[in-house]
Amino acid sequence: MKSRNTALVLGATGLVGKALVTQLLADPRYTKVTCLVRRPLKHKDYPDLEGKLEPIVIDFDALQDYQGYFNADHIYVCLGTTIKQAKSKAAFRKVDFEYVHIAAQLARAQKVQSFVWISSVGANAQSKSFYLRVKGELENAILNMSGLQHPSAVRPSLLLGERSEVRLSERIGIVLAKLISPLLFGRWAKYKPVSAWQVAAHMIKLQDFSSQKGIQ
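If you use UniProt numbering, the sequence shown corresponds to residues 1 to 216, in order.
In C-alpha cells:
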C-alpha cells in the first residue's frame, strides 16, 4: 500500500528549509507539505510539480493560535536566527527557543508521529556561549517532554549552500572550514562543514525511521 504522509515545515525560507521542502515535494511518500511562513513564498524556489505545497502566512508570535496546522504526520522545524540578525539576546531566544518549544508542544497535542528540529553541534545547556547554551536548553526541554513521540535534534556544523546574503566573515569561515575538513576525523568529525541538502535528507530519514528519542 502506498504511503500517504503529510508534513508541516517551520522555517521553509532558510538554507536548510528550502532544501528540505524541495526534497519533500519530490518525495512520493508525501501527499501534502504545509509551510508556516512569515511572508509569502517565492514559488520559483520550490518546484511543486504535483501541487503538494501549501504555504500559510502566520504571526509566529501567536503560534499557538495555529494548532490545527500541526495535525500532520511529521513536523520539521528549521527555525533559527543569529544574535546579529535578531539584534538582542532576548529576540534570539524567542526564535531559537520559544518558537521551537511551542511548536513541540503543539505537535504533542496533535499526537504527531515524529518531530525533528535543527540544533547545533556543541549544543550544551551549560555552555559559556549564549548561542550554544540556548540550543542545549532547548534540547533538554524537548527531549524530556512527556508525550511527544519520536523527537530528534539534528546537530549540524557549518552549513554549506547558496545563501541569499553572505557576509565576508562567513565566506572566509566557509573557505577555512573546507580547508581543514580533511583533518577532522574521529571525535572531531562532527565539526566538518555539511551541505544544507545533506542535513535536509537526514531530517527526512529520521522522520521515516526514528523510533526513539535522540540527538543525531
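We put the beta carbon where it would ideally sit given N, CA and C, even for glycine.
Values in this document were obtained by computation on a predicted structure and should not be read as measured data.
Determine whether the Cβ of SER127 lies closer than 7 Å to any Cβ atom of chain C. Given the protein chain composition of this structure (a single chain), no chain C is represented.
Could you tell me if the beta carbon of ASP27 falls within a distance shorter than 6 Å of some heavy atom in the ligand PLP? The ligand PLP is not part of the structure shown, which contains no ligands of any sort.
Rounded to a whole number of angstroms, what is the C-alpha to C-alpha distance between TRP188 and VAL116? Within the sequence shown, residue 188 is the residue found at index 188, counting from 1. Within the sequence shown, residue 116 is the residue found at index 116, counting from 1. In this prediction, TRP188 scores a pLDDT of 46, lower than 50, which makes its location untrustworthy; no coordinate-derived value is stated.
GLN126 versus LEU206 - alpha carbon distance: What you label residue 126 is simply residue 126 of the sequence shown in a count that begins at 1. What you label residue 206 is simply residue 206 of the sequence shown in a count that begins at 1. Taking the straight line joining both Cα atoms gives about 27 Å.
Please state the DSSP three-state secondary structure of VAL112. Position 112 of the sequence shown, counting from 1, holds the residue named residue 112. DSSP places VAL112 in coil when its eight states are reduced to three.
Do SER120 and ALA135 have their beta-carbon atoms positioned less than 7 Å apart in this structure? Position 135 of the sequence shown holds residue 135. Position 120 of the sequence shown holds residue 120. A small fix is needed here, since residue 135 is Lys in this sequence, not Ala. Their beta carbons are under 7 Å apart, which means LYS135 touches SER120 by this criterion.
Answer yes or no: do LEU15 and ALA196 have a C-beta to C-beta separation smaller than 7 Å? What you label residue 15 is simply residue 15 of the sequence shown in a count that begins at 1. What you label residue 196 is simply residue 196 of the sequence shown in a count that begins at 1. The Cβ-Cβ distance between LEU15 and ALA196 falls below 7 Å.
Please determine if the segment 25–34 and the segment 45–63 are in contact, where contact requires at least 3 C-beta pairs separated by less than 8 Å. Cβ pair count under 8 Å is three or more, so yes.
Which of helix, strand or coil DSSP assigns to ALA125: As a first step, residue 125 is located in the sequence shown; it is residue number 125 there, counting from the start. Residue state, collapsed to three classes: coil.
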